[in-house]
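Undergrad: Submitted below is the structure of interest, expressed as structure tokens.
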Amino acid sequence: MSDRGVQDEIIRYLADAGARGHASAPIPASEAVKAARFAHFLARRYYRDRLARSFRYSHRFFGQTRRSAEQVVDSAEFDRFLSACVLGSLKSAQRVGEMAQAHLAASMPGPWWPDLLDYECAYFLQAATAEQGASAERPLPGVSAVCRRFAWALPGMLPRLREGKEIGDDLRREVTLLFSRTHTGRVYVVEVEPELETLFRATDGRRSMDEIAAATGIPAEQARALFASLQGIGAVEFPFPS
7 MSDRGVQDEI IRYLADAGAR GHASAPIPAS EAVKAARFAH FLARRYYRDR
57 LARSFRYSHR FFGQTRRSAE QVVDSAEFDR FLSACVLGSL KSAQRVGEMA
107 QAHLAASMPG PWWPDLLDYE CAYFLQAATA EQGASAERPL PGVSAVCRRF
157 AWALPGMLPR LREGKEIGDD LRREVTLLFS RTHTGRVYVV EVEPELETLF
207 RATDGRRSMD EIAAATGIPA EQARALFASL QGIGAVEFPF PS
């Protein structure tokens with residue numbers, strides 16, 4: 007095996023808890039305990055950093071709640087999670103996001119709190135998912151892309167939270183936000199209109215672009231333009247026909 011191949015095997019060994027149980031591990035048995043300890047250190051650091059960045063608005067209420075998303079990486083539940091963790095996978099990001107959301111949901115600074123936590127959890131999925139989607143001939147959703155409906159206008163709420171202002175009932179209106187991540191790691195959060203939401207939700211990897219347009223009733227030319235927008239922010243993945 008080439009040096010690059012050995013490096014890839016070691017990286018996979020440290021990132022994937024399942025790989026550390028294989029007899030063909032690239033680490034000497036005498037070093038397995040140290041390697042597992044280092045892998046756990048990497049996972050805690052990786053998720054702690056992304057939790058801090060993604061749940062930064064809820065952290066502004068730490069003085070009131072005495073809770074922060076980062077606290078979950080030091081919990082017994084996270085210790086158990088490490089035995090199945092695949093660093094950077096969507097499944098692992100979903101599990102850690104659920105832990106953080108449940109931890110923070112124990113407090114309720116305002117009626118908008120659940121929506122704020124949903125927003126931050128959806129953002130966390132983008133920040134903590136590094137795996138790439140499989141290439142496909144038909145449109146596929148981005149690996150971590152999600153579309154969420156909120157009862158509170160998050161785009162108007164977040165600036166108020168940054169400025170320490172009160173959240174009034176004037177922000178109690180429904181919005182739909184699409185969260186996605188490009189292959190270069192840039193995270194997007196965009197408010198979407200019904201047509202774009204419909205097109206995204208209809209993208210399942212089984213139908214062509216034209217078939218999705220026909221099924222949703224969106225004119226083909228408009229659907230192509232919408233798909234181009236979705237592809238540009240990493241919300242869908244597929245090769246456009248020439």
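Start counting at 1 in the sequence shown, then tack on 6, and there's your number in our numbering. Even glycine gets a Cβ: it sits at the ideal position worked out from N, Cα and C.
1. Give the single residue among LEU96, HIS46, GLY240 whose Cα lies nearest to the Cα of TYR194.
2. Taking ARG179 as the reference, give the member of ALA159, GLN107, LEU93, ARG54 with the closest Cα.
3. For ALA134, which residues from the same chain have a beta carbon less than 6 Å from its beta carbon, with the 5 sequence-adjacent residues on both sides left out?
4. Please look up how many angstroms separate the CB atoms of SER64 and GLU143, rounded, as I've assumed it's under 8 Å.
5. Could you tell me whether the Cβ atoms of LEU96 and VAL149 are closer together than 8 Å?
6. Identify, in the order they occur along the chain, each residue of the same chain with its Cβ nearer than 8 Å to the Cβ of TYR52, setting aside the five sequence neighbours on each side.
7. Any idea what DSSP makes of TYR63, helix, strand or coil?
8. Quick one: any contact between the region 195-212 and the region 221-232, if contact means 3 or more CB pairs under 8 Å?
9. What does the alpha-carbon distance come out to for the pair PRO117 and ASP176?
10. Should GLN70 go down as buried or exposed, given a rule of 16 or more other Cβ atoms within 10 Å for buried?
11. Using 8 Å as the threshold, is the C-beta distance between HIS109 and VAL79 below it?
12. Along the chain, where does the alpha helix (DSSP H) that runs through THR222 open and close?
13. Taking only the alpha-carbon atoms, compute the straight-line gap between VAL242 and PRO147 and give it to the nearest angstrom.
14. From what residue to what residue does the beta strand (DSSP E) around CYS91 run?
15. What residue range does the alpha helix (DSSP H) around LEU131 cover?
16. How about PHE44 and TYR129: do their beta carbons lie closer than 8 Å?
17. With 16 other CB atoms within 10 Å as the buried threshold, where does GLY103 fall?
18. I'd like to check one pair, MET105 with PHE84: are the Cβ atoms closer than 8 Å?
19. Hey, could you find the ends of the alpha helix (DSSP H) SER235 is sitting in?
20. Going by beta-carbon coordinates alone, are ALA112 and ARG73 separated by less than 8 Å?
21. Using alpha carbons as the reference points, say which of PHE61, ASP124, ARG101, ARG192 lies closest to GLN237.
22. Identify whether THR188 lies in helix, strand or coil by the three-state DSSP scheme.
TA: The answer reads as follows:
1. Looking up residue 194 in the sequence shown gives position 188. Here the closest residue by C-alpha is GLY240.
2. Here residue 179 is taken as the residue at index 173 of the sequence shown, counted from 1. Nearest C-alpha to ARG179: ALA159.
3. The residue you call residue 134 lines up with position 128 of the sequence shown. For ALA134, where only same-chain residues beyond five positions count, the Cβ hits under 6 Å are ARG56, ALA99.
4. Sequence index remark: in the sequence shown, residue 64 carries index 58 (1-based). Sequence index remark: in the sequence shown, residue 143 carries index 137 (1-based). 41 Å between Cβ atoms; not a contact.
5. Here residue 96 refers to the residue found at position 90 when the sequence shown is read from its first residue. Here residue 149 refers to the residue found at position 143 when the sequence shown is read from its first residue. VAL149 sits close to LEU96, with the two beta carbons spaced by under 8 Å.
6. Counting from one through the sequence shown, the residue named residue 52 turns up at place 46. Within the same chain, TYR52 has close Cβ partners LEU93, GLY94, ALA134.
7. Walking along the sequence shown from the start, residue 63 turns up at place 57. Note: TYR63 maps to coil in three-state DSSP.
8. With a cut-off of 8 Å, the region 221-232 and the region 195-212 count as touching, because enough Cβ pairs lie within range.
9. Sequence index remark: in the sequence shown, residue 117 carries index 111 (1-based). Sequence index remark: in the sequence shown, residue 176 carries index 170 (1-based). Computed Cα separation, rounded: 13 Å.
10. The residue you call residue 70 lines up with position 64 of the sequence shown. Exposed.
11. Reading the sequence shown from its first residue, position 103 is the one you call residue 109. Reading the sequence shown from its first residue, position 73 is the one you call residue 79. No, they are not a contact pair.
12. As a working note, residue 222 is residue 216 in the sequence shown. Where THR222 is concerned, the enclosing alpha helix (DSSP H) stretches over 215-222.
13. Start at 1 with the first residue of the sequence shown, and residue 242 comes out as number 236. Start at 1 with the first residue of the sequence shown, and residue 147 comes out as number 141. Within the model, the alpha-carbon separation for VAL242 versus PRO147 is close to 4 Å.
14. Residue 91 sits at position 85 when you count from the first residue of the sequence shown. Segment: none, CYS91 is in no beta strand (DSSP E) and carries neither H nor E.
15. Position 125 of the sequence shown, counted from the start, is the residue given in the question as residue 131. Per DSSP, the unbroken alpha helix (DSSP H) holding LEU131 starts and ends at 119-134.
16. Numbered from 1 along the sequence shown, position 38 holds the residue referred to as residue 44. Numbered from 1 along the sequence shown, position 123 holds the residue referred to as residue 129. No, these two residues do not count as a Cβ contact at 8 Å.
17. As a working note, residue 103 is residue 97 in the sequence shown. That one is buried.
18. In the sequence shown, the residue the question calls residue 84 occupies position 78. In the sequence shown, the residue the question calls residue 105 occupies position 99. Cβ atoms of PHE84 and MET105: closer than 8 Å.
19. Here residue 235 corresponds to residue number 229 of the sequence shown, with the count starting at 1. Annotation: the continuous alpha helix (DSSP H) that includes SER235 extends over 226-238.
20. Counting from 1 along the sequence shown, the entry for residue 112 is found at position 106. Counting from 1 along the sequence shown, the entry for residue 73 is found at position 67. A contact, by the Cβ cut-off of 8 Å.
21. Start at 1 with the first residue of the sequence shown, and residue 237 comes out as number 231. Just measuring C-alpha positions, the residue of PHE61, ASP124, ARG101, ARG192 sitting nearest GLN237 is ARG192.
22. As a first step, residue 188 is located in the sequence shown; it is residue number 182 there, counting from the start. If DSSP states are grouped into helix, strand and coil, THR188 belongs with coil.
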